[in-house]
Structures are given as C-alpha cells and as structure tokens.
Amino acid sequence: MFKIKTLNNISVLGLERLPRARYEVASDIAAPDALLLRSADLHKVEIPASVKAIARAGAGTNNIPVAAMSKRGVPVFNAPGANANAVKELVLASMLLAARNIAPAIAFVQGLSGTDEELHKLVENGKKHFVGMELPGRSLGVIGLGAIGVKVANAALDLGMKVYGFDPAMTVQNAWQLNSGVIQALSVDDLVSKSQFISVHVPLLDATRGLINVERIELMQKPGVVLNFARAEIVDEDAVLAGLKSGALQAYACDFPSNKLAGNPKVIATPHLGASTGEAEDNCAIMVADQLREFLETGNVRNSVNFPEAVMPLLPGKQRLTIVNANVPNMVGQITTALAKHEININDLLNKSRGEIAYTLVDVDQALPDEMVDELAAIPGVLATRVIGGCVR
C-alpha cells in the first residue's frame, strides 16, 4: 500500500486514478509516501522523511521548497498545460475588457439612478468616456511560449491580431503547437517595442522579477495594455500605476489584486481565477495523480520540475533499482561496480541528468540484496535509493 497525504481538496476524478486496492489517500496520514496538493504552502511545514514525491495539481510550484526537496532526492511533479485553456480564456476575456473599457463602463452604469428617461440621457452623455478599440490589426506580444503562451498567441491570431512571441527556452513540443503566423521577436525589448498589448507567461525567477518595468512600458506602442496572469511580481506595480496615470497604458489586467491597485478604474483585477474552472481542476488532478502513480509503481519520471524526464518500461518479473544522486563524475561507474560485486546482471539501464540532479533506473532479473542497496545508499553523493517490483527466481 502507498500512503498519499492530501493538503487541499483534490478533484475526485484525480483521486479516482489512485486505486484503493493499492493506495490509502487521506488528509491526516502519518508517514506518507507522497504529498498531493494545490495551494498549500509547504515552506511553512515540516515535510516527513517518508515522503518520496510531491505532486501539485497545477503548474506553478512556488509554494513548494523545490531546492530543499532536490537535496533530499524527492521529485516535485506539476501539471503543465492542464489548466492552459482556462488561463487562455481568462487572458482573452481580460484583453477584450481592457480594449473596450468594459469594467469602468459597467461601474459607471451601476452608479446611475433616476427614471428610465433620465438614465437614457445619462448613458448617451457618458458613453463617450468609454470609447475603446477593436483587436484586429492590433499587436500583441507574448512573453513565454509554454502551454499557456502558445494558446494565447494562437487565439490572438484567430482574432486578427498581429502577434509577436519570445521565449529563448521554448520546447520542441510547444514549437510544434505554435501557429506559424506568430512572429519571432529577437528579445524582450524587441517584442515590447512592437506591441500594444503584452501578455506575460513566464515563471517567477530572479531574471523575471519586474520584467515589465518603467523602461519597457515606455517602449510599448501607445496606449498600451499589460496582461499578467502568471505571477504578480513579474510586473512592477509602481511602473504600471505611473503608466496608467500618464496615459502610456490604457489598462492593466491581472489575476493578483493588491492594495496599490485597489480602486484604480483602469485596473482589471480578478481574484486568482486563472485555473479556477471545474475542467482545469479535474485535468490538473488527473495529470498529477497519473504521474505520481507511475513514479511510485515504476520509478518513471514525467513532468517533474526538478528531476530529468526518465521513462523506461518495467517488464513483469523484473526488479528495478532507482538511484537519485548528485550530478558528478563516476556515479554510474560506482553503481555498476557495486552491482557487479554482488554478481547482479543488469538487464536494462537508463541514466538521465538535469542540473545538479542525476537519476538512474536499473532493471535486473534477480533479487537485489539489502546489503547491496545499503552500500549504494552510502556512496557519497547518493541522495535516495528505492527498489521496485517483484522478481522471478
């Protein structure tokens, strides 16, 4: 039995992917094998030594101490792309709201009073203050062409916009999904200078904090619209407020309300609704539950934010040894030497690395002695070991 501790309400469709015959799933489990969560902040809690994996039913992992987990040899899984359509739809809705000044127009109407005839006159006199713009022919710059950015860029093209994209780390998979009509920008500044609308879809890193600042708002085509449905800190709020005041920006749409932004009629702030659809919650939970189950049962790694992708079929009757270690020279040599010392024949082997982490899968067709596994665990640089599967003798 594997024990899974949930730290948030997880979609039933996701939990159903963990069969009760092999999994105990609850919110009050002691010594869990894995943690399954959404928004719970793991920086503020002690993570049990028994935890072999952490899975977040969402894309961002800022609420998880990923670096600390890497040092313990614990993979952190997420669900990239599972909520992409939900976020895309919110971005497009906000872009339309901003282009047509719909939010302040609604607030204007809600503040009216009088007879129908009086309201009609007030509406006719007031509507000139909310003249907007149409999207066809306008330029959109998409910074970050991951699962969400690609969908936003493609949808904007369908709306008749001229779309620029920039992502120096774009994956081949996402490149295949991107419409060929999206124009490649040479840099963030190049993209910004050609765009009237900007939508950011990058993770929060030191390099992306304050990515949209005073200088880049000045580079935008006027009046600009900034859309931020990634992370609050990627956009400098002070720079945005200054741009709204000067007229350089027509609107700022984001998913991150704050005291600074509150009450500004040119700010469209939603309460972190990006992935708040039933479909997105189901998709995220299903994806991470499947990944978590595959890792626990076979050692395979898919969609981890700190481990390399490592997938090798585990055949019936084989026993699998998984080893997480620091990505330094001669680790595979030491592993195979230990196996040879105990006369263990390697049936198949896969070794992958990512940054400072290396991960090895070794399949054998004989039982692995406990003392040999202990020897491997004692090698300097080895962070975690695990034996999976039965063995035909």
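Our numbering puts the sequence shown at residues 43 to 435. All C-beta atoms, glycine included, are put in the ideal place defined by N, C-alpha and C.
Inset, instruction - Decide yes or no for the touch test of the stretch 68-75 against the stretch 83-92: beta carbon pairs closer than 8 Å, at least 3 of them. - result: yes
Inset, instruction - Identify every residue that forms a DSSP beta bridge with Phe44. - result: Tyr65
Legend entry - Proximal residues to Gly252 (C-beta, below 6 Å), its chain only, five neighbours per side dropped: Asp278
Inset, instruction - Apply the 10 Å Cβ neighbour rule to Thr48 and answer buried if 16 or more other Cβ atoms are within range, or exposed otherwise. - result: buried
Inset, instruction - Starting from Ile144, follow the alpha helix (DSSP H) in both directions and report where the run begins and ends. - result: Ile144 to Gln152
Legend entry - Min CB distance Val370 to chain B below 8 Å: Annotation note: the requested chain B is absent from the structure, which comprises a single protein chain.
Legend entry - Limits of the alpha helix (DSSP H) - the one that Thr378 falls within: DSSP places Thr378 in the uninterrupted alpha helix (DSSP H) bounded by Met373 to Lys383.
Legend entry - Presumed contact (8 Å Cβ cut-off) between Val129 and Ala317, rounded CB distance: 6 Å
Legend entry - Contact set for Cys326: own chain, Cβ-Cβ below 6 Å, skip 5 residues either direction: Cβ neighbours of Cys326 beyond the five flanking positions: Ala99, Gly100, Ala121, Ala124 and Asn125.
Legend entry - Proximal residues to Val434 (C-beta, below 6 Å), its chain only, five neighbours per side dropped: Interpretation of Val434 is limited by its pLDDT of 43, a score under 50 that renders its predicted location unreliable; the figure taken from the coordinates is listed afterwards. Gly359, listed in sequence order.
Inset, instruction - Go ahead and label Asp200 buried or exposed: buried means 16 or more other beta carbons lie within 10 angstroms of its beta carbon, across all protein chains shown. - result: Burial state of Asp200 is exposed, judged by a 10 Å Cβ sphere holding fewer than 16 other Cβ atoms.
Inset, instruction - Compute the Euclidean distance between the alpha carbons of Thr103 and Val309, then round it to the nearest angstrom. - result: 27 Å
Inset, instruction - Counting only runs of 3+ residues fully inside the stretch 208-270, write out the beta strand (DSSP E) ranges in chain order. - result: Every beta strand (DSSP E) stretch that sits fully inside the stretch 208-270 and reaches 3 residues is listed by chain position as 239-242 and 266-270.
Inset, instruction - Tell me whether Asp297 sits in a helix, a strand or coil according to DSSP, three-state version. - result: coil
Legend entry - Nearest candidate by alpha-carbon position, reference Gln34, set Lys236, His384, Glu398 and Leu233: Not covered by the structure: residue 34. The range shown for the chain is 43 to 435.
Inset, instruction - Please list, in chain order, all residues of the same chain as Val205 whose beta carbon is under 6 Å from its beta carbon, the five residues on each side excluded. - result: These residues qualify, in order along the chain: Leu182, Ala195, Ala198, Leu199 and Val224.
Inset, instruction - Answer with buried or exposed for Ile52, where buried requires no fewer than 16 other C-beta atoms within 10 angstroms of its C-beta. - result: Per the 10 Å Cβ criterion, buried.
Legend entry - Cβ neighbours of His314 in the same chain (closer than 8 Å, five flanking residues each side left out): Asp297 and Phe298
Legend entry - Cut-off 8 Å between Cβ atoms - residues of its own chain near Gly156, not counting five sequence neighbours on either side: Leu164
Legend entry - C-alpha gap between Ile365 and Trp218, whole angstroms: 33 Å
Legend entry - Ser288 - DSSP class collapsed to helix/strand/coil: Ser288 falls in the helix class under three-state DSSP.
Legend entry - Top-ranked residue by Cα proximity to Phe271, from Asp248, Met137 and Leu84: Met137
Legend entry - Where Val429 falls: helix, strand or coil (DSSP): strand
Legend entry - Residue from Ser229, Gly202, Asn221 and Met203 whose Cα sits closest to the Cα of Ala211: Ser229
Inset, instruction - Alpha carbon to alpha carbon, how far is Val151 from Val118? Give it in angstroms, no decimals. - result: 48 Å
Legend entry - Gln333 in three-state terms, based on DSSP: Gln333 falls in the helix class under three-state DSSP.
Inset, instruction - Below 6 Å CB to CB, which residues in the same chain sit around Thr250 once its five sequence neighbours on both sides are set aside? - result: Val244 and Ile276
Inset, instruction - May I have the straight-line CA-CA distance separating Lys169 from Ala147, to the nearest angstrom? - result: 8 Å
Legend entry - The alpha helix (DSSP H) enclosing Lys163, as first and last residue numbers: Asp158 to Gly168
Legend entry - Assigned secondary structure, Thr364 (DSSP; H/G/I helix, E/B strand, else coil): strand
Inset, instruction - Please name the residue, chosen from Gly56, Ala140, Lys45 and Ala311, that lies closest to Glu323 on a Cα-to-Cα basis. - result: Gly56
Inset, instruction - Using a threshold of 8 Å, state whether the C-beta atoms of Val192 and Leu233 are closer than that. - result: In this structure, Leu233 does not lie closer than 8 Å to Val192 by Cβ.
Legend entry - Three-way DSSP call (helix, strand, coil) for Glu58 in this model: Reduced to three states, the DSSP call for Glu58 is coil.
Legend entry - Close Cβ partners of Asn421 (< 6 Å) along its chain, the five nearest in sequence each way excluded: Note that residue 421 is Ile in the sequence shown, not Asn. Excluding residues up to 5 positions away in sequence, Gln376 lie with their Cβ nearer than 6 Å to the Cβ of Ile421 in the same chain.
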